[in-house]
C-alpha cells in the first residue's frame, strides 16, 4: 500500500505503528568543497515508531570498532564510511517493505539515492534499496495537512520552536559541516539523533491533533477542536446520556 496523503498517514500510523521507521542522516557539506565529488555520510539514525528504539551508525563508533584513533579518522574515512554503510545496509535489507519516514531525503544530493551512491563509490553494489513507494516525506505530509506555508523557513527549526523549542543537540547543516571539520563526530551524531527524536514527536502530535503550526486551514481547525474544552464537554455529555439509556434498556430486558 502506498500512502499518498496526510489522512492515510495518520490512519496507518495509528493502526500499525510497528510498520514505520524514521530515518535521518548527516554528511559533509552539500556544496562543492568536499574531498570528493559527493559528500561523505557521517552518521545515520533510525527510530522504530512503535517501540521508540533507535539504531544508529556513526563515524566515531565505527572508528572505535575498527581500532582507529581520532587523529587517524580523516586518513581512514573510506574504510570507516564503507563499514558504516555496510551496517546500515544489513539493517535495511529485511525491512525494505516497511514505511520509511524522512525529512526531504528526495534525491542524489541528499536522500536515499545519495546513500546508495556513496556505497557504490566505495566499491559495493549490493545496497538494499528501499522502494520509492515506501518512502514518506514528513515535510510533504505536514504540507498536505496544514498547507504549504504551515511554518516559516527554515521549516524544521521553525517547527521545533513552535513545539517545545530547539533541542540542545540540534545543529544546522552548516554547523554539522563545521563539526565534521573539527572532528566533533559525537556532536554531529547527537544532532542526527535529536532530529529523529523530534520527527517522532511531530508524528505523535500530528496523530493526536496537537501539533502547533502557523497554518489556519481546515485541518488546523479540526485539530484544535479535538483538543478544545468543547470537544471534552461533548464527550462527557455523550457519556452521561448513554448511562440512563443503558439502564432503561436493561430494565426493559428484565421485565419482558
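Numbering (the working numbering), first residue to last: 1 to 256. Note that beta-carbon positions come from the ideal geometry of N, C-alpha and C, so glycine has one too. Note that the structure is a prediction, hence the values are computed from the model and not measured.
Given residue i, which residues of its chain have a CB within under 6 Å of its CB, disregarding the five upstream and five downstream residues?
i	result
residue 44	25, 57, 88
residue 215	146, 147, 150
residue 174	none
residue 152	158
residue 46	21, 23, 55
Which same chain residues end up closer than 8 Å to residue i when comparing Cβ atoms and leaving out the 5 residues on each side of it in sequence?
i	result
residue 3	9, 12, 99, 136
residue 30	39, 109, 110, 173
Could you name the residues that DSSP lists as bridge partners for residue i?
i	result
residue 135	100
residue 199	Note: residue 199 sits in no beta bridge, so no partner.
residue 45	24, 56
Going along the chain, which residues of its own chain have a beta-carbon closer than 7 Å to the beta-carbon of residue i, five neighbours each way excluded?
i	result
residue 27	39, 40, 41, 42
residue 14	207
residue 168	none
residue 128	89, 92, 93, 96
residue 6	141, 144, 145
residue 68	76, 80
residue 17	49, 50
Since I believe residue j is in contact with residue i (beta carbons under 8 Å), could you give me their beta-carbon distance rounded to a whole number of angstroms?
i	j	result
residue 20	residue 49	4 Å
residue 66	residue 85	Wrong, their Cβ atoms sit about 14 Å apart, outside the cutoff.
residue 59	residue 198	Residue 59 to residue 198, Cβ: 22 Å. No contact.
residue 101	residue 22	5 Å
residue 163	residue 212	5 Å
Verify the contact flag: residue i, CB atom, against every heavy atom of the ligand FAD, threshold strictly below 7 Å.
i	result
residue 193	No copy of the ligand FAD appears in this structure; indeed no ligand is present at all.
**Q.** Given 8 Å, three or more beta-carbon pairs between the segment 140-160 and the segment 118-126
**A.** Proximity of the segment 140-160 to the segment 118-126 falls short of the contact definition, fewer than three beta-carbon pairs being nearer than 8 Å.
Please give the ranges of any alpha helix (DSSP H) in the segment 161-214, keeping only runs that are unbroken, at least 4 residues long and fully inside the region. For the segment 161-214, the continuous alpha helix (DSSP H) assignments of 4+ residues that do not extend past its boundaries occur at 173-181, 185-208, in sequence order.
* Whole beta strand (DSSP E) runs in the segment 107-156 with 3 or more residues, listed along the chain? -> The segment 107-156 contains, as complete beta strand (DSSP E) runs of 3+ residues, the segments 135-137 (chain order).
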